[in-house]
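Colleague: Quick note: numbering that gives the first Met the number 0 has the sequence shown finishing at residue 312, numbered continuously throughout.
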Amino acid sequence: MSGLEASLVRLQDERLAATLRVQSTVLKAIHDFMTSREFVQLMPIITSRVTDPLWPDPGASIIGRPKINYNGQELVLTQSMILHKQLALITGLERIYIMSPNIRFEKPARGATGRHLFEFTQMDFEMAHATMKDVMSLVEDLIIYTLKRVHEERKEELELLGREVRIPSKPFKVYTTHEIEEKYGSDWEIKASMDHKEPFWVTCFKREFYDREDPDNPGHYRNYDLIYPEGYGEALSGGEREWEYERIIARMKRDGLNPENFKEYIEAAKRGLLVPSAGAGLGVERFVRYIVGAKHIGDIQPFRRVPGEPVYL
Ligand code: AMP
Ligand code: MG
């Protein structure tokens, strides 16, 4: 069977339709939850002057940064809206979220992980003047609320998919990266995930400049990942943010990034416009994959965007 034929056959699979019904409930539940907590939804952007460098991140593996040329200007495609989330808080809105499509040219070999796409959507949110505790508590409520909605509203679909929703209880377990590496080794994500029955947190990652280094404990970071159980791996990444000009410049220099490449963002920081905030991005397809128990994240997409696979539809 050709790739195109296989893609057309896949579209006729009742399991795909059931998965998409579940996804629709997930999206509705996320919107209901976020608006009930007074978040304002913004529209995503796909093109900009600058995007998330995704570096340094122990989990990153992009092989290029997608660019397009429009009207004499070179624009990058969104890898994440983190910098624009910080800029959007300048409006005075205190709580924002965006269903944000991200293009990431992941290494083709990542197609085999079961959890990587080269085009996916984040539910990306940011809260002014919030702490990591605020975000972690909110995310726990969001996950529990959404799982309950799916459990109540998608019984038929879950039965067809042979999956039961397990509703975790709050608060989720928290590890530091130091503790989890000690227990599972440096390659801990999937091992630790398989060893748990409920989602759990990992805090303190040395990664991109915008995640806040603990001022009281340099070398430690006020950021976090949520990890799904049963081997599904990372669900969400976030952190408290750096907002002060000097600290941002120092972090960029440490990472070998040229502040000149971020000059519009830096200009906002220099003028003192950025506000302290914390937030996170939840991968929507990964959430749906976990809920329906799909073997591969590409299996939940009607139009697969899997690293290393040709695109047919
Ligand atoms: P990041 O800030 O890079 O960790 O991205 C935020 C979230 O988006 C992650 O925690 C994942 O849930 C999701 N995500 C990141 N990269 C991918 C990818 N290549 N394919 C699917 N989902 C992803
Ligand atoms: Mg991450």
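All C-beta atoms, glycine included, are put in the ideal place defined by N, C-alpha and C.
Where in the region 147-208 do unbroken runs of the alpha helix (DSSP H), each at least 4 residues long, occur, reported from the N-terminal end onward?
Modeller: Correct list: 154-160, 176-183, 188-193.
Colleague: For the putative contact between Val49 and Asn257, defined by C-beta atoms under 8 Å, what is the C-beta separation to the nearest angstrom?
Modeller: Their Cβ separation, rounded to whole angstroms, is 11 Å, which puts Val49 and Asn257 out of contact at 8 Å.
Colleague: Please go through the same chain and pick out, in chain order, the residues whose beta-carbon is closer than 7 Å to the beta-carbon of Ile143, but skip the five residues on each side of it.
Modeller: Within the same chain, Ile143 has close Cβ partners Ile166, Pro167, Lys169.
Colleague: Indicate, with yes or no, if ligand 2 has a heavy atom lying under 7 Å from the CB of Glu156.
Modeller: Flag unset: Cβ of Glu156 not near ligand 2.
Colleague: Rounded to the nearest angstrom, how far is the Cβ of Val291 from that of Arg162, given a contact under 8 Å?
Modeller: Right, their Cβ atoms sit about 6 Å apart.
Colleague: Check the C-beta distance from Asp133 over to Ala277 and give it rounded, since I have them as a contact under 8 Å.
Modeller: Right, the Cβ-Cβ distance comes to about 7 Å (below 8 Å), so this counts as a contact.
Colleague: Measuring only the C-alpha atoms, how far is Asn70 from Phe204?
Modeller: The alpha-carbon atoms of Asn70 and Phe204 are separated by roughly 39 Å.
Colleague: What is the chain-ordered set of residues for which the beta carbon lies under 7 Å from any non-hydrogen atom of ligand 4?
Modeller: Questions concerning ligand 4 fall outside what the structure shown contains, since the ligands it does hold are ligand 1 and ligand 2.
Colleague: Glu233 and Asp224 look like a contact to me (Cβ under 8 Å); what is the Cβ gap, rounded to whole Å?
Modeller: Sure, about 6 Å apart at Cβ, within 8 Å.
Colleague: Check whether the region 80-89 touches the region 25-38, taking contact to mean three or more Cβ pairs, one atom from each stretch, closer than 8 Å.
Modeller: No, they do not touch.
Colleague: Are the beta-carbon atoms belonging to Tyr227 and Pro198 less than 8 Å from one another?
Modeller: The answer is yes: Cβ separation under 8 Å.
Colleague: Quick check on the DSSP output: the beta strand (DSSP E) that includes Leu86 runs from which residue to which?
Modeller: Counting along the chain, Leu86 falls outside any beta strand (DSSP E), though it belongs to the alpha helix (DSSP H) covering 81-87.
Colleague: So what's Gly230 in DSSP terms, helix, strand or just coil?
Modeller: If DSSP states are grouped into helix, strand and coil, Gly230 belongs with coil.
Colleague: Are Glu105 and Pro301 close, meaning C-beta to C-beta below 8 Å?
Modeller: Contact: no.
Colleague: On the three-state DSSP scale, how would you describe Arg240?
Modeller: Looking at Arg240 - three-state DSSP - the assignment turns out to be strand.
Colleague: From Ala5, Thr34, Pro55, Leu15, pick the residue whose C-alpha is nearest to that of Phe208; which is it?
Modeller: The candidate whose alpha carbon is nearest that of Phe208 is Pro55.
Colleague: State the DSSP-derived secondary structure class of Arg94, mapped to helix, strand or coil.
Modeller: It is a strand residue.
Colleague: Start and end of the beta strand (DSSP E) containing Ser276?
Modeller: 276-282 is the extent of the beta strand (DSSP E) around Ser276.
Colleague: With burial defined as no fewer than 16 other Cβ atoms inside 10 Å of the residue's Cβ, what is the status of Asp123: buried or exposed?
Modeller: Buried.
Colleague: Given 7 Å as the limit, tell me if His115 has its C-beta closer than that to any heavy atom belonging to ligand 1.
Modeller: Because some heavy atom of ligand 1 lies under 7 Å away, the Cβ of His115 counts as near it: yes.
Colleague: Buried or exposed for Ile61, please, with buried defined as at least 16 other CB atoms from any protein chain shown within 10 angstroms of its CB.
Modeller: It counts as buried.
Colleague: Could you tell me which residues DSSP puts in a beta bridge with Asp140?
Modeller: Paired residue(s): none; Asp140 is not in a bridge.
Colleague: Name the residue from Asn222, Ser236, Pro217 whose alpha carbon lies nearest to the alpha carbon of Ala249.
Modeller: It is Pro217 whose Cα lies nearest to the Cα of Ala249.
Colleague: Grouping DSSP H, G and I as helix and E and B as strand, with all else coil, what is Asn260?
Modeller: The answer is helix: DSSP assigns Asn260 an H, G or I state.
Colleague: Only counting the same chain, and skipping five residues up and downstream in sequence, which positions put a Cβ closer than 8 Å to that of Trp200?
Modeller: Here the set comprises Met135, Phe171, Lys172, Val173, Tyr174, Tyr223, Asp224, Leu225, Ile226.
Colleague: Of all the options Asp12, Gln72, Glu93, Val21, which has the alpha carbon lying nearest to the alpha carbon of Leu157?
Modeller: When only C-alpha atoms are compared, the closest one is Val21.
Colleague: Where DSSP assigns a beta bridge to Leu74, which residues make up the other side?
Modeller: DSSP, once it has assigned bridges, lists Ile67 as partnering Leu74.
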